[in-house]
Amino acid sequence: MEEQSKTIFDRPESLRDVVTHYCPGCTHGIIHRLVAEALDELGLRERTCGVAPVGCSVLCYNYYNCDFLEAPHGRAPALATGFKRLRPDMIVFTYQGDGDLASIGMAEIIHAANRGEKFTTIFVNNAIYGMTGGQMAPTTLEGQITSTCPNGRNLEDVGHPIRVSELLATLATPSYIERVSVHSPMHIIKAKRAIKKAFELQAENKCFTMIEVLSTCPTNWGITPGDSLDWVEKNLLAYYPLGVKKRPDQGDK
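Residue numbering for the sequence shown follows my numbering, starting at 32 and increasing by one per position.
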């Protein structure tokens, strides 16, 4: 008697069966999958709408099997605000990199969080501009070399890297903000839990939610994919500590 095979790992229904454009070693693909798994497990896909940014993940609407909107550079939180207010029954999320969110889009994310807009932001932080050629970002570390600071980031000239999660956590409005990473299997499992929690809170109409995900960029860091995982562990985690930065019960509203 033939044994029947059993599938124990498969593509999430919320992801399309297509090849992505991401560079070898980039962890955008992992983050995409975690978001898709969370939507599947919570049964939210049919009423979900994502907002794509400008940056490496500008084409993420090609990879998700749900509705999507495309926002101008940095304006994803503003677009998400309008759509969520128009359709509060929908699950809305923005997917943004550190250049898109923490530079040109800083005002949008701060004010959306301060108003307590009830959508979810997936904030991918790889400490560099990816799509445009590896320039210094608001999150680039001190001394880190990029195409626009070949001698390393100089704090006297451009200031300190911005810790976005800690910054938003100072706002009085209740929110759920957590920083995670995807550079190892253990951290990927924890990141999945945080992303799923963010969508659960949105489905319950509780609060603004943002998950910051420390990610890799081997191409613009100028190192191998394997070394980029070590670089996250040795450098990014030291300046961007992981963990919950704010819970929904912390706020004056």
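Each residue gets a CB set at the ideal place from its N, CA and C atoms; glycine is no exception.
| query | result |
| --- | --- |
| Taking the CB atoms as reference points, tell me whether isoleucine 140 and leucine 75 lie closer together than 8 Å. | no |
| Could you compute how far the alpha carbon of valine 275 sits from the alpha carbon of valine 211? | 9 Å |
| Going by beta carbon distance, what residues of the same chain come within less than 6 Å of glutamate 243, once the five residues before and after it are set aside? | Phe154, Asn156, Ser196 and Arg210 |
| Which stretch, first to last residue, makes up the alpha helix (DSSP H) that contains serine 196? | 195 to 200 |
| Could you tell me which of Asp131, Lys237, Ser36 and Asp120 sits nearest to arginine 278, measuring between CA atoms? | Lys237 |
| Given that a residue counts as buried once 16 or more other Cβ atoms are within 10 Å of its Cβ, and exposed if not, what is lysine 149? | buried |
| Just confirm the distance between the C-beta atoms of isoleucine 208 and alanine 200, as a whole number of angstroms; I'd bet it's less than 8 Å. | 5 Å |
| Determine which residues share a DSSP beta bridge with lysine 277 and list them. | Ile208 |
| Measure the C-alpha to C-alpha separation of isoleucine 61 and valine 89 and round it to an integer number of angstroms. | 16 Å |
| Mind reading off the beta-carbon distance from alanine 69 to leucine 46? Whole number of angstroms is fine, and I expect it under 8 Å. | With a Cβ gap of about 12 Å, alanine 69 and leucine 46 do not count as contacting. |
| Assign threonine 177 to one of two classes, buried (16 or more other C-beta atoms within 10 Å of its C-beta) or exposed (fewer than that). | buried |
| Could you tell me which of Leu65, Ala109, Glu77 and Phe99 sits nearest to alanine 83, measuring between CA atoms? | Phe99 |
| I want to see whether chain C comes within less than 8 Å of glycine 257, judged by CB atoms only; does it? | Within the model displayed, chain C is absent; a lone protein chain is all it includes. |
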